[in-house]
Amino acid sequence: MAKIAKISEIHPTLGFTEFDILEKYRKSFHESGLGRLHSLFLFECMAKAAGLSEQRLGRRNIFSPSAKIALMVLKAYTGFSDRQLVEHLNGTCTTRFSVESS
1 MAKIAKISEI HPTLGFTEFD ILEKYRKSFH ESGLGRLHSL FLFECMAKAA GLSEQRLGRR
61 NIFSPSAKIA LMVLKAYTGF SDRQLVEHLN GTCTTRFSVE SS
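Heads up: the sequence shown at position 24 corresponds to 24 in the numbering used here, and the numbers run straight through without jumps.
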């Protein structure tokens, strides 16, 4: 299965001449339909209500509890398969922001 790269880990290596471009992507995300939908959900409250927590034994989680809820919402919104969702998480800023900003 494809590995998901965190944008915070690749941020310094992005090929942009200025990081302002990344901020423009973030701004355009919040103005998009997905961004407006994202702002309606209280991901932290939903994660607590579902009993998800940061602390557990075993491997380190890739996603925070609120990001896991955001992934479920994103998958339902897009209708992507797991593989397609991973491809879009690694390939498009809009998809990435919908999960990482949760």
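Even for Gly, the Cβ is constructed at its ideal location relative to N, Cα and C. Predicted, not measured: the structure shown is a model, and the values here were computed from it.
What do you get for residue 95, buried or exposed, if any count of 16 or more other CB atoms within 10 angstroms of its CB means buried? Buried is the call here.
On the three-state DSSP scale, how would you describe residue 105? Since the first and last residues shown for the chain are 1 and 102, residue 105 lies out of range.
Counted within 10 angstroms of its Cβ, other Cβ atoms place residue 49 as buried (16 or more) or exposed: Residue 49 counts as exposed, since fewer than 16 other beta carbons sit within 10 angstroms of its beta carbon.
How far does the alpha helix (DSSP H) with residue 71 in it reach, from first residue to last? Note, residue 71: alpha helix (DSSP H), 65-78.
CA-to-CA distance, residue 99 to residue 37, given in whole angstroms: Going from the Cα of residue 37 to the Cα of residue 99 covers about 12 Å.
Same chain only: Cβ atoms within 7 Å of residue 41, ignoring 5 sequence neighbours per side: Beyond the five residues adjoining it in sequence on each side, residue 41 comes within less than 7 Å, by CB distance, of 73 in the same chain, given in chain order.
Going by the beta-carbon positions, is the gap between residue 93 and residue 43 smaller than 8 Å? In terms of Cβ geometry, residue 93 and residue 43 do not form a close pair [threshold 8 Å].
Alpha carbon of residue 53 to alpha carbon of residue 71, nearest angstrom: Residue 71 has its alpha-carbon roughly 16 Å from the corresponding atom of residue 53.
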